[in-house]
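To keep things clear, I will list the structure first and then write my remarks on it.
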Amino acid sequence: MAIIAYTDGSSLGNPGPGGYGLILLETEKKIKKEVNKGYRLTTNNRMELLAVIVALEMLKKPNTPITIYTDSKYVVDAVEKKWVFGWMKKNFKGKKNEDLWRRFLQVYPKHQVQLVWVKGHAGNVWNERADELAVLASNTKENFEIDHFFEQHLNQN
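As numbered in this note's numbering, the sequence shown has no gaps in its residue numbers, which increase by one up to the final residue, 218.
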């Protein structure tokens, strides 16, 4: 069975507190799972990418067909235009979010992934819900995770 995911990332400042939200659907109308998580210091692009990674990591069976809808041109272009594979060949020299892109490249080949860009805040009910989850996670200070890689490398760029 093909899975559908809607993902979104949020950051209250760039960098700032942030979070991601995602919805896994078994069909266009049946929610399988909603997930979100907040981080005390991160960026919007990191949260957009992490949402996609977590959606892929949630898939239990190898070679699962999944269509992921995201409003992140950063993520869609990096994959669809094959930039990330070039970055990998150059060992991510000078590229941001190396840790997350490496994690993405561990799970991406295990499934049949189609990434689809959707316009954010344009009335798509599932994209809007993913956004709500991401913003909620960004505002939930008492449960923030620490984005260790980002915080350690923040002043090195």
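For glycine and all other residues, C-beta sits at the position ideal for the given N, C-alpha and C. From a predicted model like this one, the values you see are computed outputs, not experimental measurements.
Assign V196 to one of two classes, buried (16 or more other C-beta atoms within 10 Å of its C-beta) or exposed (fewer than that).
The residue in question, V196, is buried, as its Cβ has 16 or more Cβ neighbours within 10 Å.
Pairs of beta-carbons, one from the segment 133 to 144 and one from the segment 194 to 209, closer than 8 Å: are there three or more?
Contact between the segment 133 to 144 and the segment 194 to 209 is absent, because fewer than three Cβ pairs lie under 8 Å.
What is the DSSP secondary structure of V179, counted as helix, strand or coil?
V179: coil per DSSP, three-state reduction.
How is N97 classed by DSSP in three states: helix, strand or coil?
The answer is strand: DSSP assigns N97 an E or B state.
CB G79 to CB M108, shorter than 8 Å?
Yes.
Please report the straight-line C-alpha distance between E203 and V177, rounded to a whole angstrom.
Straight-line Cα distance between these residues: approximately 33 Å.
From A116 to K157, what does the alpha carbon distance come to, in whole angstroms?
Going from the Cα of A116 to the Cα of K157 covers about 21 Å.
Using DSSP with H/G/I as helix, E/B as strand and the rest coil, what is A112?
A112: helix per DSSP, three-state reduction.
Less than 8 Å between the CB atoms is what I'm expecting for A112 and G82, so what's the real figure, rounded?
With 8 Å as the limit, A112 and G82 qualify as a contact, their Cβ atoms being about 7 Å apart.
For the segment 162 to 173 and the segment 147 to 154, state whether three or more C-beta atom pairs, one from each stretch, are separated by less than 8 Å.
Flag = yes, the segment 162 to 173 and the segment 147 to 154 touch.
May I have a chain-ordered list of the beta strand (DSSP E) segments no shorter than 3 residues that lie completely inside the segment 137 to 185?
Correct list: 173 to 178.
Which of the three DSSP states, helix, strand or coil, is assigned to S199?
Correct three-state label for S199: helix.
What do you reckon, are the CB atoms on L110 and F211 nearer than 8 Å?
No. Outside cutoff.
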